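Asker: Its first residue numbered 1162, the sequence shown is counted upward by one per residue in the working numbering. Where a beta carbon is used, it is the ideal one built from N, C-alpha and C, also for glycine. Just so it is clear, the structure is predicted and the values come from calculations on it, not from any experiment. My structure is below; once you've seen it, I'll send some questions.
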Amino acid sequence: MATDLSILLEDPNLSETHKTIARKVQRGERISFDEGVFLYEKGELAYVGALANHVRERKNGDKTFFNRNFHIEPTNLCVYDCKFCSYSRLIKQRSDADAWAFSMEEMLEMVYKYDGQPVTEVHIVGGVLPQYDLPFYLEFFRKIKEHRPELHVKALTPVEYHYIFKKAKVSYEEGMKMVKEAGCDSMPGGGAEIFHPEIRVQIAADKCDADQWLRIHEIWHELGMRSNATMLYGHIERYEHRVDHMERLRQLQDKTGGFQTFIPLKFRNQDNQMSHVPESTAVEDLRNYAISRIYLDNFDHIKTYWPMIGRTTAQLALAFGVDDLDGTIDDTTKIYSMAGSEEQNPVLTTQQLVDMIRKVGRKPIERDTLYNEVQDFTDVVFEEDKAFRGYMELPVINN
Ligand code: V47
Ligand code: SF4
1162 MATDLSILLE DPNLSETHKT IARKVQRGER ISFDEGVFLY EKGELAYVGA LANHVRERKN
1222 GDKTFFNRNF HIEPTNLCVY DCKFCSYSRL IKQRSDADAW AFSMEEMLEM VYKYDGQPVT
1282 EVHIVGGVLP QYDLPFYLEF FRKIKEHRPE LHVKALTPVE YHYIFKKAKV SYEEGMKMVK
1342 EAGCDSMPGG GAEIFHPEIR VQIAADKCDA DQWLRIHEIW HELGMRSNAT MLYGHIERYE
1402 HRVDHMERLR QLQDKTGGFQ TFIPLKFRNQ DNQMSHVPES TAVEDLRNYA ISRIYLDNFD
1462 HIKTYWPMIG RTTAQLALAF GVDDLDGTID DTTKIYSMAG SEEQNPVLTT QQLVDMIRKV
1522 GRKPIERDTL YNEVQDFTDV VFEEDKAFRG YMELPVINN
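This is the structure:
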């Protein structure tokens, strides 16, 4: 049962526009572009939170998903020059000592390291370099699948695909088919940033544009495959740009239904060319999650990448539309630690993640990449819990 919005609707201080939007949300109707902008401009945290929580609970109840995955970042060097990114070539020129570019063998070793461990997904994403071309990635995907066929390969974004297909002189359609046949199972949501050209030319001028990003996802969906979408927010964009971004995603989702989850990514300002731009507040982060949940009525899930916003805000986000915490990550994902993520060591055990979810009254559900439920952890008692309880139950000694 989704939370009731009638108390909110009876509030005499609520404007007619606030009430109209609340009624639409209660009836499961879509809000318009202008209403999206209105929410950003005039929607207070408690109001948008109530609406988003209603949508979240209607779609997913108390379920909060997580996934056991690991990341491989082939390189932190990149031919592109996104101003917000600590991977770009300009930044790297200053500190070559920190640079890495792994060989195929080194990356396969990373896969073998997880043999026997209950991970279901490998997430492959990093910088763009000429040596990581189409033949390289096709071979890498094939080798992962030969070694561990059931491991879900979630790999590369339209930024890489656009680059490697152009270099290999194949069309998007041909390229995506080859990638699918080689064993790539789904596409992560990166590279979307802000679609609107007014902003994109300032922060990510030289990589694939919005239409190319959307087209590659569309082709992937037409092949029967699934993908995610992100939005890098809280820098130089205005609210209209955020709504425009979500509008384009909503339209493609109406057409294909291939997106699984939307992941708002909070801009972090360390070690990049936008260090002078202040970061968004936690209140703005929560409002943004909530408005995404309300606007993207045709997306099943809203995910937060907790290392970026920190565990406390991630817990709060579960009451503001978010129903998915990115997986039990035990490999330090350097893209974020370099950009100034909230968590110095973004590693949680399954138990810690489950505890985080339970403590805010939600149901922790392990999922696979395609949101099939692997295990409901709501009532699972961990060995460590038992040991702790044993300690708590020691008789009290009165002197
Ligand atoms: O596209 C780069 C972002 C993205 C910064 O699909 C930054 O499951 C904040 O897309 N501040 C890549 N963000 C990561 C990504 C992702 C992460 C987790 C899960 C999934 C998924 C996808 O990281 C880039 C860019 O938008 N990024 N620099 C920065 N300074
Ligand atoms: Fe390269 Fe991606 Fe960083 Fe842009 S965001 S510089 S494409 S790694």
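What do you reckon, is the C-beta of residue 1264 under 7 Å from a heavy atom of ligand 2?
Answerer: The sequence position of residue 1264 within the sequence shown is 103, counting from 1. Answer for residue 1264: no, Cβ out of range of ligand 2.
Asker: Given residue 1451, which residues of its chain have a CB within under 6 Å of its CB, disregarding the five upstream and five downstream residues?
Answerer: The residue you call residue 1451 lines up with position 290 of the sequence shown. The residues are 1209, 1210, 1213, 1481, 1482.
Asker: Taking the alpha carbon of residue 1277 as the reference point, which residue from 1262, 1308, 1415, 1247 has its own alpha carbon closest?
Answerer: Indexing the sequence shown from 1 puts residue 1277 at position 116. The candidate whose alpha carbon is nearest that of residue 1277 is 1308.
Asker: Distance, Cα to Cα, residue 1363 vs residue 1369?
Answerer: Taking the sequence shown and counting its residues from 1, the one referred to as residue 1363 is at position 202. Taking the sequence shown and counting its residues from 1, the one referred to as residue 1369 is at position 208. Approximately 14 Å between the Cα atoms of the pair.
Asker: Can at least three beta-carbon pairs, one atom from the region 1339 to 1356 and one from the region 1382 to 1392, be found at a separation below 8 Å?
Answerer: Yes, the region 1339 to 1356 is in contact with the region 1382 to 1392.
Asker: Count the CB pairs spanning the region 1194 to 1207 and the region 1400 to 1407 that are closer than 8 Å, and state whether there are at least three.
Answerer: Output reads yes: the region 1400 to 1407 touches the region 1194 to 1207.
Asker: For residue 1183, which of 1194, 1166, 1174, 1193 has the nearest alpha-carbon?
Answerer: What you label residue 1183 is simply residue 22 of the sequence shown in a count that begins at 1. Considering only alpha carbons, the answer is 1166.
Asker: With 16 other CB atoms within 10 Å as the buried threshold, where does residue 1162 fall?
Answerer: Position 1 of the sequence shown, counted from the start, is the residue given in the question as residue 1162. Burial call: exposed.
Asker: Hey, residue 1333 and residue 1376: beta-carbon distance below 8 Å or not?
Answerer: Counted from its first residue, the sequence shown places residue 1333 at position 172. Counted from its first residue, the sequence shown places residue 1376 at position 215. It is a contact, given that the beta carbons lie within the stated cut-off.
Asker: Let's test the definition: count the other Cβ atoms within 10 Å of the Cβ of residue 1453 and tell me whether it reaches 16, buried, or not, exposed.
Answerer: Position 292 of the sequence shown, counting from 1, holds the residue named residue 1453. By the 10 Å Cβ count, residue 1453 comes out buried.
Asker: Return the residue from the list 1419, 1408, 1449, 1420 that minimises the CA-CA distance to residue 1195.
Answerer: On the sequence shown, residue 1195 is found 34 positions in, with the first residue counted as 1. The shortest C-alpha separation from residue 1195 is found at 1408.
Asker: On the premise that residue 1433 lies in contact with residue 1231, defined as a C-beta separation below 8 Å, what is that separation, rounded to the nearest angstrom?
Answerer: Residue numbering aside, residue 1231 sits at position 70 when the sequence shown is read from its first letter. Residue numbering aside, residue 1433 sits at position 272 when the sequence shown is read from its first letter. No, residue 1231 and residue 1433 are not in contact; Cβ-Cβ is about 25 Å, not under 8 Å.
Asker: Apart from the five residues just before and just after residue 1223, which ones in its own chain have a Cβ nearer than 6 Å to its Cβ?
Answerer: The residue given as residue 1223 occupies position 62 in the sequence shown. 1523, 1524.
Asker: My understanding is that residue 1530 touches residue 1315, with C-beta atoms under 8 Å, so please give their C-beta distance in whole angstroms.
Answerer: The sequence position of residue 1530 within the sequence shown is 369, counting from 1. The sequence position of residue 1315 within the sequence shown is 154, counting from 1. Right, their Cβ atoms sit about 6 Å apart.
Asker: Consider the C-beta atom of residue 1368 and the heavy atoms of ligand 1; say whether any pair is separated by less than 7 Å.
Answerer: Position 207 of the sequence shown, counted from the start, is the residue given in the question as residue 1368. Checking the Cβ of residue 1368 against ligand 1 gives no.
Asker: According to DSSP, residue 1349 sits in a beta bridge with which residue or residues?
Answerer: Reading the sequence shown from its first residue, position 188 is the one you call residue 1349. Its beta-bridge partners do not exist; DSSP assigns none.
Asker: Can you tell me which of 1343, 1189, 1331 puts its alpha carbon nearest to the alpha carbon of residue 1219?
Answerer: As a first step, residue 1219 is located in the sequence shown; it is residue number 58 there, counting from the start. Of the candidates 1343, 1189, 1331, the one whose C-alpha sits nearest the C-alpha of residue 1219 is 1189.
Asker: Taking just the CA atoms, how far does residue 1207 sit from residue 1169?
Answerer: The count along the sequence shown starts at 1 and reaches residue 1169 at position 8. The count along the sequence shown starts at 1 and reaches residue 1207 at position 46. Cα to Cα, residue 1169 sits roughly 10 Å from residue 1207.
Asker: Residues in the same chain with beta-carbon distance under 7 Å from residue 1543, minus the five sequence neighbours each way, listed in chain order, please.
Answerer: Along the sequence shown, read from residue 1 onward, the residue named residue 1543 stands at position 382. If we look at residue 1543 and ignore the five residues flanking it on each side, its Cβ neighbours are 1512.
Asker: Throw me the rounded Cβ distance for the residue 1300 and residue 1265 pair, which I believe falls under 8 Å.
Answerer: As a first step, residue 1300 is located in the sequence shown; it is residue number 139 there, counting from the start. As a first step, residue 1265 is located in the sequence shown; it is residue number 104 there, counting from the start. About 7 Å separates the two Cβ atoms, so the contact holds.
Asker: At the level of alpha carbons, what is the spacing between residue 1367 and residue 1449?
Answerer: Here residue 1367 is taken as the residue at index 206 of the sequence shown, counted from 1. Here residue 1449 is taken as the residue at index 288 of the sequence shown, counted from 1. In a straight line, the C-alpha of residue 1367 is about 27 Å away from that of residue 1449.
Asker: Could you name the residues of the same chain whose beta carbon sits closer than 8 Å to that of residue 1414, not counting the 5 residues immediately before and after it, in chain order?
Answerer: Counted from its first residue, the sequence shown places residue 1414 at position 253. So the qualifying residues of the chain are 1420, 1457, 1459, 1460.
Asker: Can you name, in chain order, every residue of its own chain whose Cβ lies under 6 Å from the Cβ of residue 1172, other than the five neighbours on each side?
Answerer: For the purposes of this step, residue 1172 is taken as residue 11 along the sequence shown, with counting starting at 1. Excluding positions up to five away in sequence, the list is empty.
Asker: Relative to the C-alpha of residue 1296, which residue among 1324, 1283, 1288, 1275 is closest?
Answerer: Position 135 of the sequence shown holds residue 1296. Checking every option, the nearest Cα to that of residue 1296 belongs to 1324.
Asker: With DSSP run on the structure shown, which of helix, strand or coil describes residue 1296?
Answerer: Numbered from its first residue, the sequence shown carries residue 1296 at position 135. Reduced to three states, the DSSP call for residue 1296 is helix.
Asker: Is residue 1280 near ligand 1, with its Cβ less than 7 Å from a heavy atom?
Answerer: In the sequence shown, residue 1280 corresponds to position 119, counting from 1. Checking every heavy atom of ligand 1 against the Cβ of residue 1280, none is found closer than 7 Å.
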